[in-house]
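Here is the structure we will look at, set down as structure tokens.
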Amino acid sequence: MNAVVSDTWLDIGSVEDIPVRGARVVKTPHGCLAVFRVAEGEIYALDDRCPHKGGPLSNGIVHGRSVTCPLHNWVISLETGAAQGADEGRTRAHAVRVEDGRILLDAAAVGA
Amino acid sequence: MTEKLVVIGAGMASGRALEHILETDPAKYDITLFGSEPRGNYNRIMLSPVLSGEKTFAEIVTHDTAWYEANGITTRFGEAVTQIDRDRKVVVSAGGETPYDKLLIATGSAPFIIPVQGKDLPGVIAFRDLEDVETMRAAAKPGAKAVVIGGGLLGLEAAAGLRMLGMEVTVLHLMGHLMERQLDEAAGYLLRKALTDRGIKVMCRASTAAILGEERVEGVMLEDNTGIEADLVVMAVGIRPETRLANDAGLEVGRGIVVDDHMVTSDPDILAVGECVEHNKQLFGLVAPLYDQAKVVANTLHGAGGAFMPKQTSTKLKVTGVDLFSAGDFAEGEGREDIVFRDPARGVYKRLVIENDRLIGAVMYGDTADGSWFFGLIRDGETISEMRDTLIFGPSYQGGAALDPMAAVAALPDEAEICGCNGVCKGKIVQAITEGGLTTLDEVKAVTKASSSCGTCTGLVEQVLAVTLGDDFVLPTVKPVCACTDLTHEDVRRLIKAQDLKSMPAVMQELGWKTTCGCHVCRPALNFYLLADWPDDYKDDYQSRFINERAHANIQKDGTFSVVPRMWGGVTTPAELRAIADAVEKYDVPLLKVTGGQRLDLLGVKKEDLPAMWADLNAAGLVSGHAYTKGLRTVKTCVGSDFCRFGTQDSTGLGIKLEKRLWGSWTPHKVKLAVSGCPRNCAEATCKDLGIVCVDSGYQIGVGGAAGMDLKATELLTTVASEEEAIEISVAFVQLYRENAKYLDRPYKWIAKVGLDWVKARVVDDLAERAALVARFDHSQTIYQKDPWAERAQGGSRHEFTPLADFSFKEAAE
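Residue numbers (the numbering used here), protein chains in the order written: chain X, 1 to 112; chain H, 113 to 926.
Dropping the structure here:
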């Protein structure tokens, strides 16, 4: 199941490969993506860059459906990529879905 | 003309289907019913109360012999169908061939038996039918031991039933919390607590390796080599559709027998219903959708329309005294928000999941009275925006009071210790207030001594005053930990100790957290408090740590990391320096710099290179310098009496001894030490968290210095004559700080709150307390003092350092 699943979805791994309330990196030719797994099990994917100063969000603490950037504590929504609270900015969110425990990423996210 | 209908399986789904078929037209079919159990249909989901003795089997029978006779159904109970011959339209059984015009397969499901050694031993059973229940009841002598494998709905009902029969019951569950499909972590915690309270032992993350025994079952062995005695093992890990007959007959079978919206299989004359079917890739285990299917089957058999549409389902655990409800989708989906309500005093937890202004899921524990109302909202998909603010209080809510921020303190039992210094419990304070007519904090301090020493419990004493006096006491405003709670750090620390809270879900439930899983502010603090207070019981929560303490290096502005190997007391060797130089070249490290704490810093290391670099450094004897932790950083030293013409003592040697004793311990904030060999103080010991200045007569120990945002000289804690005593006092000081300070308070801030005299009394004057502090520190070190680099160089936490997938060379490859 490691191959391309369809023209539009890429199998990037199993849900179990990401720790609960954790994140993993997916490398693309255009930079890294961060793929998150929240406490309730859903998977989200964002560009691995905080809209503030480019901090690697994959290294942040995941809580609820947000991640806190490790550099300056901006809180970013995993669903929309938008900064929460008083901060303004947005990082790109990518379509991702789970089928039979496998994580499928929108191929557009890796520029395919 | 009457057609022949043969039904295979006499369970709940086919039972309901038969009722509907007869209702519409009792004369249309001549019906023959096969069942492998030697009896007719009974309410299988009520087996739990039969097991526990709360009901008899007769009470749960839904179709008795008289019913089958009255409706003209030929029953063939205890006779299994072995083959379906589709060409000749007959089914084959021990009694010969039975022809059909229409066939209904309702073979249900079989319990999933995990394929381990010993699974076939006598005494190992499933929880599926009346025979299983009878086996369990026969084995249930008081004091006999049962192990239930599987902490889901079925397993827990079995466990509770066996416990009611007097058995010693242990539940083994593979996942992190019970009923993880229906419950979130918080509700799982409350359920576990309720089961533990009734004497059921629950072990989560327990993976069964083998079932032991010679003639019959004697025990269960876990993957981690824990052995558990057992006279009875109940496997309740799940079910799988019983599809063998359909498979052999060449029908389309996926995970279950594939049916269309009309419950017709790939053969137009064969229908299927119940747990054995697969519809739109979905399987069904709960009773509500099975009854819906039964209605559709009957309609199809009568040539009427109607399609099966799976609906939302809800779950209730049938364990007496355990109130639990879960419905809808709280585990998957996007764009959702939570509303959380916790009442620690009543052990209540409620969580609603909202998406696009509609309720899509609900989890409730302790008070499920509003469950069906919420379930209705979920099913109907009504918009809830109007009542959103009060939704969680249920349908009867009529503008009641706001949530009580003092619920956690109000819920405390009288014997909960509020003041740790003076051993004052809540009941004593309440008694003093009510009997003595006290109205102020100062009066309570004077009478009970509570909060008269270090003062960190002041907030709690004030809350006890407020709870006892009501509106007569006005609480001063305090700064809570974060938006997830109204309690301060000091309150939380005290309550963790007073209530023996030993896990993150326990803290969040018992202290009324307002979010499901905290935030980046409270989680690292709670993680520290729990591991500092309960080194034996608490398991460090990796995901509640800041990245530096997960990656064991210091994150830089560009996402690279810095690596600082430990140099004990600032002393190094040519071999270590060569290893560092080699690492700098091998991994293209852009900057090598000497730090303020006398160490070498390799800056700009790529995250994925860290484990390999650590393996290289480990090979030269270098371990983590913890230059990234809330923990012991460095012990800076001067050269001392060995070389310096002014040195009075071996300051380098003492620094090394201190560093070897203290490294690897987690503390509320970073801790930096220094030892100077004479009052010239070349190691700058008087601006450290703890600094020792050697003099001719011994060692001056100062604490609470700072040279960062604030600039502050240390205050003298004491002067001692021997190096041993200097080390003991330093260790005791660090432990006192670990046990009492607020997360992210450096020692100088903490001392300003509790007072230097309070610290002195415990660390210097009270020798027994000093020894106890040292003993607790050393015990914690047996668990936490280990080189995190070595663990990761050997493959630990691999997920942290390797990408999940790599498409970066995709274009080049094409």
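All C-beta atoms in this analysis are idealised placements derived from N, C-alpha and C, irrespective of residue type, glycine included.
From residue i to residue j, what distance separates their C-alpha atoms?
i	j	result
Lys428(H)	Lys861(H)	50 angstroms
Asn392(H)	Asp372(H)	8 angstroms
Tyr811(H)	Ser565(H)	28 angstroms
Phe758(H)	Thr91(X)	60 angstroms
Arg491(H)	Ile43(X)	25 angstroms
Val15(X)	Thr551(H)	56 angstroms
Gly101(X)	Glu330(H)	36 angstroms
Met124(H)	Val25(X)	48 angstroms
Thr425(H)	Met276(H)	29 angstroms
Ala108(X)	Thr8(X)	7 angstroms
Ala818(H)	Val876(H)	22 angstroms
Trp179(H)	Glu171(H)	15 angstroms
Ala578(H)	Pro702(H)	59 angstroms
Gly671(H)	Trp74(X)	15 angstroms
Gly230(H)	Gly325(H)	7 angstroms
Val866(H)	Cys533(H)	11 angstroms
Gly60(X)	Leu829(H)	39 angstroms
Leu714(H)	Leu78(X)	33 angstroms
Below 8 angstroms on the Cβ atoms is my contact criterion, and I expect residue i with residue j to pass it. Report the Cβ-Cβ distance as a whole number of Å.
i	j	result
Pro389(H)	Ile369(H)	A small correction: the amino acid at residue 389(H) is Val; Pro does not occupy that position in the sequence shown. Yes, Val389(H) and Ile369(H) are in contact; Cβ-Cβ is about 5 angstroms, under 8 angstroms.
Gly81(X)	Leu33(X)	At roughly 11 angstroms, the Cβ-Cβ gap does not stay under 8 angstroms, so Gly81(X) and Leu33(X) are not in contact.
Ala318(H)	His285(H)	6 angstroms
Gly682(H)	Lys748(H)	6 angstroms
Leu117(H)	Tyr212(H)	7 angstroms
Tyr896(H)	Ser777(H)	6 angstroms
For residue i, collect the residues of the same chain with a Cβ closer than 6 angstroms to its Cβ; drop the 5 residues on either side in sequence, then sort them by chain order.
i	result
Gly473(H)	Gly440, Asp441, Phe442, Val465
Ala122(H)	Leu145, Gly147, Gly152, Asn153
Lys996(H)	The first residue shown for chain H is 113 and the last is 926, placing residue 996(H) beyond what the model contains.
Ser892(H)	Pro647
Gly737(H)	Val676, Pro677, Arg678, Arg711
Ser164(H)	Gly273, Met276
Asp721(H)	Tyr699
Val110(X)	Thr28
Gly190(H)	Pro150
Within this structure, are the beta carbons of residue i and residue j separated by less than 8 angstroms?
i	j	result
Leu643(H)	Met616(H)	no
Leu436(H)	Ile323(H)	no
Tyr913(H)	Thr28(X)	Residue identity check: residue 913(H) is Phe in the sequence provided, not Tyr. Going by C-beta atoms, Phe913(H) is not nearer than 8 angstroms to Thr28(X).
Tyr301(H)	Gln621(H)	yes
Val460(H)	Thr628(H)	no
Thr219(H)	Leu357(H)	yes
Leu916(H)	Ile12(X)	yes
Val162(H)	Ile143(H)	no
Who are the neighbours of residue i on chain H, taking C-beta pairs under 8 angstroms?
i	result
His52(X)	Within 8 angstroms Cβ-Cβ: nothing; His52(X) doesn't reach chain H, min ~11 angstroms.
Ile12(X)	Leu916, Ala917
Asp47(X)	Going along chain H, no residue has its Cβ under 8 angstroms from Asp47(X), so there is no contact; the nearest lies around 13 angstroms.
Gly81(X)	Those do not exist, as Gly81(X) stays about 12 angstroms from chain H at its closest Cβ, beyond 8 angstroms.
Keeping to the same chain, check which residues put their C-beta closer than 7 angstroms to that of residue i; ignore five residues upstream and five downstream.
i	result
Gly127(H)	Asn153, Thr174, His175
Lys784(H)	Gly709, Arg745, Thr746, Lys800, Asp801
Cys794(H)	Cys750, Ser788
Cys594(H)	Cys631, Val633, Cys634
Keeping to the same chain, check which residues put their C-beta closer than 8 angstroms to that of residue i; ignore five residues upstream and five downstream.
i	result
Asp728(H)	Ala691, Asp694, Ala695, Lys698
Leu265(H)	Met291, Gln294, Thr427, Leu429
Gly22(X)	Phe36, Arg37, Val62
If the cut is a Cβ gap below 9 angstroms, which residues of chain X does residue i touch?
i	result
Lys669(H)	Lys53, Gly54, Gly55, Leu71
His289(H)	None at all; the shortest Cβ gap to chain X is about 11 angstroms.
Arg198(H)	The contacting residues do not exist; Arg198(H) stays about 30 angstroms from chain X at best.
Mind listing the chain X neighbours of residue i? Cutoff is C-beta to C-beta under 8 angstroms, in chain order.
i	result
Phe658(H)	Ile61, Pro70
Ser920(H)	Lys27, Thr28, Pro29
Glu297(H)	Ala39
Gln655(H)	Pro19, Val20, Arg21, Gly22, Ile61, Val62
Arg635(H)	Ile61, His63
What does residue i reach in chain X if we use C-beta pairs closer than 7 angstroms?
i	result
Thr425(H)	Result: empty, since nearest Cβ-Cβ is about 18 angstroms, beyond 7 angstroms.
Cys631(H)	His63
Ser352(H)	The sequence given here places Arg at residue 352(H); Ser does not occur at that position. Here the premise fails: no neighbours, minimum Cβ distance about 15 angstroms.
Thr628(H)	Ala39, Gly64
At 9 angstroms on the CB atoms, spell out the chain H contacts of residue i, in chain order.
i	result
Ile18(X)	His911, Leu916
For residue i, return the contacting residues in chain H, with the cut-off set at a CB-CB distance below 7 angstroms.
i	result
Val35(X)	Leu916
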